[in-house]
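Following: one structure in structure tokens, then a few remarks.
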Amino acid sequence: MDARKLVVEPSGAVPVAALLAAGDEFRGARIGVILSGGNVDLATACARFSAGEATRLQLSVLPPEVAADDPFARFGDLLERARATDLPEPNAFTLATVGADGRPSARVVLLRGFDTRGFVFYTNLESRKSRELAANPYAALCFYWLPLDVQVRIEGAIQQVSDAEADSYFASRPRGSQIGAWASLQSTMLQSRADLEERVAEIEARFADQEVPRPPFWSGLRVVPERMEFWYGQPSRLHHRDVYTRKGDGWTLHHLYP
Ligand SMILES: Cc1cc2nc3c(=O)[nH]c(=O)nc-3n(C[C@H](O)[C@H](O)[C@H](O)COP(=O)(O)O)c2cc1C
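Each number in the working numbering comes from the position in the sequence shown (counting from 1) with 31 added on.
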């Protein structure tokens, strides 16, 4: 079936509804949506289409024609698009690390900030991931936003954020999360849930009636990208891959076979 293009006008009038109504005409087709503005509920559109057995339709975001020389702008644009859907946790990504033993491990964490310096997440500095990153300070990140059918892969070196930056972020967290950061001996053996609850009670008592300071063993890590890949799902598995590699102060862009 041919790929078709649906252009969503900046007016906010979303022809996805018309597409839904079109039913048979689009059955089995994969639709590339060029987002040119407006508030498009792609998640709902996808859900509606996949609900019917016979009507299997996926929406995908085509590569933007703008910001081609700025991977950070491109990332920011996509994250905004993901946030505009009702996808839970659009900031979630898989973080892969490799420890001293050369074996990879991966887990999901949340992106808490990004700019041209890199991509920041927060964690316990004594956790398994942090120990692996101390031994081998390189990480790979992978985002996948299902409603957009877009994957972003980022690879680079790790730097700890400044104490001031970590303090400021920690202070913005809900008190329960602050207590939790102190209470969790992340990635170490827990004998029983009661032990964790006991630690929470101890920490609550220690900081009763005062602000909870940032634990010295908890901070942010910034991944300074050397490579960023943008993958856009396309019809017939002929996906579109744009890879940026750092070159001096700028980036070079090339494409990969899917
Ligand atoms: C949606 C989601 C978000 C998470 N966000 C974080 C996070 O921001 N920081 C963190 O340390 N762990 C986060 N976790 C927990 C990690 O996946 C992981 O269990 C924990 O960090 C311990 O990993 P490690 O033993 O490899 O260090 C999150 C888990 C999920 C499922």
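Glycine included, every Cβ here is placed at the ideal spot set by N, Cα and C.
In the structure shown, the three-state DSSP call for residue 265 is coil.
For residue 199, the enclosing alpha helix (DSSP H) covers residues 194 to 202.
Among the bridge pairs identified by DSSP, residue 271 is matched with 263.
Within the segment 86 to 150, complete alpha helix (DSSP H) segments of at least 4 residues are found at 102 to 114, given in chain order.
According to DSSP, residue pairing for residue 284 in a beta bridge involves 275.
In summary, residue 254 is buried, with 16 or more beta-carbon neighbours lying within 10 Å of its beta-carbon over all protein chains present. A direct Cα-Cα distance of roughly 5 Å separates residue 275 from residue 283. Under DSSP, residue 159 shares a beta bridge with no residue. Relative to residue 213, the option among 222, 153, 182 and 249 whose CA is nearest is 249. When DSSP states are grouped into helix, strand and coil, residue 257 belongs to the strand group.
In the same chain as residue 145, and ignoring 5 residues on each side of it, no C-beta atom comes closer than 6 Å to its own.
Across the set 240, 154 and 170, the C-alpha of 154 shows the shortest separation from the C-alpha of residue 201.
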